Amino acid sequence: MPDHLIATAAFGLEAVVARELKDLGYPDSRSEAGRVRFVADRSAICRTNVWLRSADRVLVEMGSFPATDFGQLFDGTAALPWEQWLPADAKFPVRGKSVRSQLSSVPACQKLVKKAIVDRLMKAHRVQVLPETGAEFQVEVSLLGDQVSLTIDTSGLGLHKRGYRPHSGLAPIKETLAAAMIQLSYWRPERPLLDPFCGSGTIPIEAALIGLNQAPGMNRPFAAEAWPAIPAQAWREARTEARDLLCRDRSLHIVGSDVDPGALRLAQQHAKLAGVESQIEWRHQDVRDIRCEQDYGCIITNPPYGERLGDQREVEELYQQLPAILGGFPTWSHYVITSHPTFETIVGRPADRRRKLYNGRIECTYYQFHGPRPPKSGEEAPVQTPAPAFGGLPEKAEEQAETFRRRLEKRAHHLRRWPTKQGITCYRLYDRDVPGVPLVVDCYEDCLHISEYVREDTHVAGQHDAWLQLMADAAAEVLEVAPANVYVKARERQAGSTQHQRVADQRNVLIAHEGGLQFEVNLTDYIDTGLFLDHRQTRDMVRRMAEGKDVLNLFCYTGSFSVYAAAGGARSTCSVDLSATYLTWARRNLQLNGFQDERQHRLVRADVLAFLRELPEASYDLLVVDPPTFSNSKSTDTVFDVQRDQRDLLELCLRGLRPGGLCLFSTNRRKFKFECADLELLAECREITNQTLPPDFLQQGAHRCWRLVRK
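Residue numbers (this note's numbering): 661 to 1371.
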């Protein structure tokens, strides 16, 4: 007579377990919340325990009945045929749970069920004592509303306990969930699989077990193996079947990578214990460095959530990079499980499918992004590759690249003689000239520096990096610059404490030549390179005016105005900035040009307004002030806004000048309004912007500049 069995599962995995049962030959199943019921003979207990990958346990369902009081609970339990499973010496602990039931005391229910089973067994086995010295039968009483369900656990340890993971890394994923994620994907053994956040290796190992058709429970014990009601032969046959169906000679392409070497060491140990160490390649690498030359694979991964690993900001920054990373796998499908509520918004693309799952007690969503279908065996690959899940090029990219090329050719031809005649090796070629190509292209010696202004991007997630690379390649080709000498970075509108902050740490530094002087520029690590090209003529103006003068350079940045003043014969220079990084850079620029004496060429770390307030009146002959648009430094409590604070700043600057002294005031703020007409009592004020813009900036309006002479 067939038995009524239950395969329990985490919420959301019931359909996966039902499909596994069907593949095992048990098609008549019924899925409910957290469980799949099916009817089969007792050999099914052995086979399902050995083979099920995504189920938690296999239970024998003893019976179900309504009960609203303890009498009904006792009578219903005692009416079930416990003796068919439990011998007289059976050890049978009872555990229970109660949800929205009138019988809310779980300990009382457990005690009563135990008593009812004892009465039934003593009568059925005709004994006076039940020693409980034999095999264990874990009984569970479950009360949901007024309905009672009684089961016996055949598995013992949960089915996720495969035996290969005695130690877990930080934030592990259950083996059963990992197996379900793989079975819910398009992955097949002939396709490559990559997990870039593999941790202790669960997803790659479960994929290897599936790929080899290796039964997950083949090498572990189960509680029901000690039960007299199930012949030992049935267990031997289940394991023999598992060994016979194992595909030992199959070669798989599975890669697990992680940035944590300790986690990878654990993963390698676990793979060895699982018997699949030869099928998985382990890589110690950051997710940003993942690569695979094969096509039509699957990335299946469990990245940090920001709950148990890392904080929310770090996780969101990581997720923002995923489209560009996954865009490097244009023919692949991608599967990501996370608890982050706005994951799709962050990556900029809705998933093709999503499923609510639980990783332990954490409610998650399994996002599935489907790539193009691989060609069938014997079928030629399509001439035009279908749209990738991430990456690829936007529709108008090639057209934009061609327009960009033509514009660069025209600009390069227009400026072909001017830089050489002037001895200029660093200049601007392009500044958002073509609609849809919001780039700035600057030449620095034999290098190109390409920065991009942030925009409302219409590109599909992950396409942007490919688009940007296409534009960089176009610029390199047209201008005949080696690709290794092209530096690309995003350029955001920065405010507050982010002004001039470091954005990388590659330290690609070169020496730029301008006006017979040398300057250190960094093409990778900061939003700006360290040399503002639009101030080339302003710097030369300072050099021509500096001879014999005491020069003050405020918001000095990397000190280029100070270098020009020193080269013009200034009696002294003083460079003031709040950043120690940029003052050190300014010192290097001064020394690079032979100005070693720090008593003559002082560097002062200070808040500019505070410095000016303490400065004795009439201290300098020439003053250069090129403030940021906005500043909110961590080092001070003050917030500087050039539009709002211009009056105070310039009044303090004029106070520090000697009679007849000159102040050059410049700002890059667009739509800036000069509102210091009342300063005419102190100084002659005149805008000289047209005199300070070099030929490569005439159309861009890069800055505005005023000349103030103290009366």
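Even glycine gets a Cβ: it sits at the ideal position worked out from N, Cα and C.
It should be emphasised that the depicted structure is a prediction, and the values quoted were computed from it without experimental measurement.
From the options, pick the residue whose C-alpha is nearest to that of residue i; which is it?
i	options	result
Gly1051	Trp1127, Lys1081, Thr1063	Trp1127
Ile959	Ala669, Asp1091, Gly935, Thr991	Thr991
Leu817	His785, Arg851, Leu781, Val710	Val710
Gly957	Leu853, Cys1234, Ala1206, Ala738	Leu853
Tyr846	Lys1070, Gly823, Arg1033, Val766	Arg1033
Asp1125	Gln1260, Val787, Phe989	Phe989
Ser860	Arg679, Leu926, Gly1176, Ala795	Leu926
Ser999	Leu1068, Ile833, Glu941	Ile833
Cys1234	Leu1252, Leu1272, Arg899, Asp1185	Leu1272
Glu937	Ala1227, Ala704, Thr862	Thr862
Gln929	Pro864, Ala1230, Trp895, Arg825	Arg825
Leu1310	Pro1319, Thr1298, Val1284, Ser1291	Val1284
Pro1355	Asn1249, Gln1197, Pro1143, Arg1330	Gln1197
Ser691	Ala700, Asp683, Val676, Asp701	Val676
Trp1104	Glu1112, Arg1067, Ala1172	Position check: residue 1104 holds Tyr in this sequence, whereas Trp was assumed. Answer by Cα proximity: Ala1172.
Lys1333	Lys1371, Leu1358, Glu897, Thr1289	Thr1289
Give me the DSSP bridge partner(s) of residue i.
i	result
Tyr1018	Glu1023
Leu665	Phe698, Val720
Ala1136	Bridge partners of Ala1136: none, in fact.
Glu1174	Leu1177
Arg1262	Cys1234
Thr1327	Arg1364
Arg1013	Gln1028
Val1211	Thr1233, Leu1282
Leu1322	Leu1282, Val1369
Leu803	Ser758, Val808
Ser691	Val696
Cys1336	Paired residue(s): none; Cys1336 is not in a bridge.
Asn642	In the structure displayed, the chain extends from 661 to 1371; residue 642 sits before or after that span and is not available.
Pro1343	Residue 1343 is actually Ala in this sequence, not Pro. According to DSSP, Ala1343 bridges with Arg1370.
Thr1063	None, per the DSSP bridge assignment.
Arg1088	Asp1102
Given this structure, state the Cα-to-Cα distance separating residue i from residue j, to the nearest angstrom.
i	j	result
Glu1180	Arg1167	11 Å
Leu986	Val1007	10 Å
Leu1368	Leu1322	6 Å
Arg713	Gly871	13 Å
Thr1286	Glu976	Looking at the sequence shown, residue 1286 is not Thr but Asp. Cα-Cα distance, rounded: 35 Å.
Pro764	Leu772	First, the residue type needs correcting, since residue 764 is Ser and not Pro in the sequence shown. Cα to Cα, the separation comes out at about 13 Å.
Asp904	Thr836	23 Å
Ala1206	Phe1300	28 Å
Leu681	Ser802	24 Å
Val808	Ala727	7 Å
Trp1366	Glu1004	49 Å
Arg1364	His944	51 Å
Asn962	Asp949	17 Å
Ala884	Glu674	23 Å
Leu1353	Val1202	14 Å
Cys1345	Thr1327	15 Å
Ala1135	Val1141	8 Å
Cys779	Val759	Reading off the sequence shown, one finds Asp at residue 779, where the question assumed Cys. Going by the C-alpha atoms only, they are around 27 Å apart.
Val1169	His913	41 Å
Pro876	Leu869	7 Å
Ile812	Val789	22 Å
Glu1069	Val1268	43 Å
Arg973	Tyr965	10 Å
Just to confirm my understanding: we take residue i, look at its own chain, exclude 5 residues before and 5 after, and list those with CB closer than 6 Å. What are they?
i	result
Gly723	Leu740, Leu810
Ser1232	Asp1210, Gln1260
Trp895	Cys706, Glu885
Ala670	Tyr1018
Ala748	His785, Val787
Go through its chain and collect everything with a Cβ distance to residue i's Cβ below 8 Å, but skip five positions before and after it.
i	result
Lys775	Phe734
Glu1058	Leu1130
Asp1200	Gly1175, Tyr1224
Asn1182	Arg1167, Asn1168, Val1169, Thr1189, Gly1190
Arg951	Gly988
Ser761	Leu803, Leu804, Gly805, Asp806
Val1043	Its pLDDT being 48, under 50, Val1043 is placed unreliably by the model, and nothing is read from it.
Please work out which residues of its chain come closer than 7 Å, Cβ to Cβ, to residue i, disregarding the five sequence neighbours upstream and downstream, and give them in chain order.
i	result
Glu1152	In this predicted model, Glu1152 has a pLDDT of only 48, less than 50, meaning its place in the structure is not dependable enough to derive any value.
Ala704	Leu665, Tyr686
Ala1227	Leu1177, Arg1203, Asn1253
Leu1342	Leu1314, Arg1370, Lys1371
Report yes or no: is there a C-beta of chain B within less than 9 Å of the C-beta of residue i?
i	result
Gln980	No chain B appears in this structure, which consists of one protein chain only.
Would you list, in sequence order, the uninterrupted beta strand (DSSP E) runs of no fewer than 3 residues that lie entirely inside the stretch 830 to 867?
853 to 855
Which runs of the alpha helix (DSSP H) fall wholly inside the stretch 866 to 945 and span at least 4 residues, in chain order?
892 to 904, 921 to 934
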